[in-house]
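Protein chains: 2
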Amino acid sequence: MTMETAKTTPERPYHHGDLRRAILSAALDVIAAEGPSALSLRDLARRAGVSHAAPAHHFKDRTGLLTAIAAEGHALLSAALTEATDLRDAGVHYVRFAREHPAHFQVMFTPELLRENDLELTTARALTADRLRQAVSDRVPEPGTDPRLAGVAAWSLAHGFATLLLGHNLDAAVGDQDPEEVFRTLTGMLFQPPSA
Amino acid sequence: MTMETAKTTPERPYHHGDLRRAILSAALDVIAAEGPSALSLRDLARRAGVSHAAPAHHFKDRTGLLTAIAAEGHALLSAALTEATDLRDAGVHYVRFAREHPAHFQVMFTPELLRENDLELTTARALTADRLRQAVSDRVPEPGTDPRLAGVAAWSLAHGFATLLLGHNLDAAVGDQDPEEVFRTLTGMLFQPPSA
DNA sequence: GCGACAACTTGACACTGACAAGATTGCCCG
DNA sequence: CGGGCAATCTTGTCAGTGTCAAGTTGTCGC
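From first to last, the protein sequence lines are chains F and R. For reference, each letter of the first sequence is one residue, going 1 to 196 in UniProt numbering. For reference, each letter of the second sequence is one residue, going 1 to 196 in UniProt numbering.
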């Protein structure tokens, strides 16, 4: 009795509701606001209204939680890349993903925080790599360019832009323009120079 | 008595020797190996053979220590960029800096870990920005290209390449080649296309 | 030599991640 | 329908951490 469980959502597998999801999204909030180092399992438990050891049951570890976030991020990113029409558009989607899911993005590319041998993570990561390769190979190759190297170039450009953007290092340069639009013109400048 | 202080180095201001430097370099080791989140002030104190609160006297905070590292990193980077002969060479120096000082690099671009209003940091950071702008402006501009945008492009490319490299995301693509050489050919591919 | 100051120590407190052991709940199978 | 059973969650505990406050020691100028 006295269980005012307020089951507004129809889906509610067991005791608490979807605790795993609740902790995940609370974690994403914290990371987006204050970075992964500010993440505390006990704080997440408090926010979800459960005891301090509850999160461990779903994620085992702090590392486990972060690994789950990274895997989810790769799933989201690979899905986004699938929608790209060409290489430049893939870059735009990459930047958009970083802006819409900054916490995922940051965790995905901070290997010290992750369980590198995690199965879910490695498969999700492989899928992303596949989508990237595909986006590069779809592009009509200029004669004499190594496609692998072109892939590294494109990835570096998009990743660097996204990273600097999230770190507020481009605030002055971008101003009030749409970052995606800036990136688009930027790729146009590099990949199809005025002389062509 | 019983003070076997082993003063091999002539410079040794006071009690311990250069404790500040000792803690800094120990911190750099830890960060390079296991990332900033694995950093523990007490562990650093242990390594230096001092009590657990000693580091606080030199850096006040964990944040203070990381801020000092970031400032030092910017000093090193701006010095490296000063030696660059042209824009491409600046990129090469940028990548080299990231490889030779991975701990500095990582901390410099993780704003959540830093005291953003620190004077030493902001001035050091401004110097780096200056060097970057200078490297861009030294380049002969193609007609009709916004120099600011070109700067963002160049920085994004170098930063993305360096970041992905440190995160071991380019291991397969680079193989046993020299990363700096890969970066050089990569910039050649983008900034002066075969059609020119 | 003495006073003041910087460098360091000692002690304490609240917080954290992790582990172990117990309690509770929903579910499945008979 | 009911009894076990496994998944979910709680409680208790431990070592380790950052940070603050107060004391101690060495050093240098006067």
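Using N, Cα and C, we set each Cβ at its ideal position, and we do this for glycine too. Keep in mind the model is a prediction, meaning the values are calculated, not measured.
>> For chain R, check one thing: does any of its Cβ atoms lie closer than 9 Å to the Cβ of residue 194(F)?
In response: Residue confidence is low: residue 194(F) scores 46 on pLDDT, short of 50, so the model does not pin down where it sits. No coordinate-derived value is stated.
> Can you tell me whether residue 117(F) is buried or exposed, with buried defined as 16 or more other CB within 10 angstroms of its CB?
Replying inline: exposed
> Would you call the stretch 162-169 of chain F and the stretch 96-103 of chain F touching, i.e. three or more CB-CB distances under 8 Å?
Replying inline: Verdict: yes, contact present.
> Which chain R residues sit within Cβ distance under 9 Å of residue 38(F)?
Replying inline: Within 9 Å Cβ-Cβ: 112.
>> Among the candidates 32(F), 64(F) and 33(F), whose CA atom is the shortest distance from the CA of residue 221(F)?
In response: This structure does not reach residue 221(F), given that chain F is present from 1 up to 196, and the question cannot be answered.
> Is residue 92(F) buried or exposed, if buried means 16 or more other CB atoms sit within 10 Å of its CB?
Replying inline: buried
> Which value, in whole angstroms, describes the spacing of the CA atoms of residue 67(R) and residue 115(R)?
Replying inline: 6 Å
>> Checking 9 Å against the spacing of the C-beta atoms, do residue 47(F) and residue 26(F) come in under that value?
In response: yes
> What are the start and end residues of the alpha helix (DSSP H) that includes residue 107(R)?
Replying inline: First-last of the alpha helix (DSSP H) with residue 107(R): 102-108.
>> So, at 6 Å on beta carbons, what are the nonlocal neighbours of residue 102(R) in its own chain, with the 5 sequence-adjacent residues on each side left out?
In response: 32 and 166
> Can you give the beta carbon distance from residue 72(F) to residue 52(F), rounded, assuming they're within the 8 Å contact cut?
Replying inline: Contact doesn't hold; Cβ gap of about 24 Å is too wide.
> So which of 125(F), 154(F) and 156(F) has the shortest CA-CA distance to residue 77(F)?
Replying inline: 125(F)
>> Give me the chain F residues within the contact set of residue 159(R), using Cβ-Cβ distance strictly less than 9 Å, ordered along the chain.
In response: 156, 159, 160, 161, 163, 164 and 169
> Which bits of chain R does residue 109(F) rub up against, with CB to CB less than 9 Å?
Replying inline: 163, 164, 167 and 169
>> Just to confirm the assignment, what range does the alpha helix (DSSP H) spanning residue 141(R) have?
In response: No alpha helix (DSSP H) contains residue 141(R), which DSSP labels as neither H nor E.
>> Quick check: residue 136(F) and residue 158(F), are their CB atoms within less than 9 Å of each other?
In response: No, the pair does not count as a contact, with Cβ atoms beyond the cut-off.
> How long is the line joining the alpha carbons of residue 87(R) and residue 169(F), rounded to whole angstroms?
Replying inline: 19 Å
>> Residues in the same chain with beta-carbon distance under 6 Å from residue 134(R), minus the five sequence neighbours each way, listed in chain order, please.
In response: none
>> Taking 8 Å as the cut-off, is the C-beta of residue 30(R) nearer than that to any heavy atom in the ligand NAP?
In response: Only the bare structure without any ligand can be found here, which leaves the ligand NAP out of the picture.
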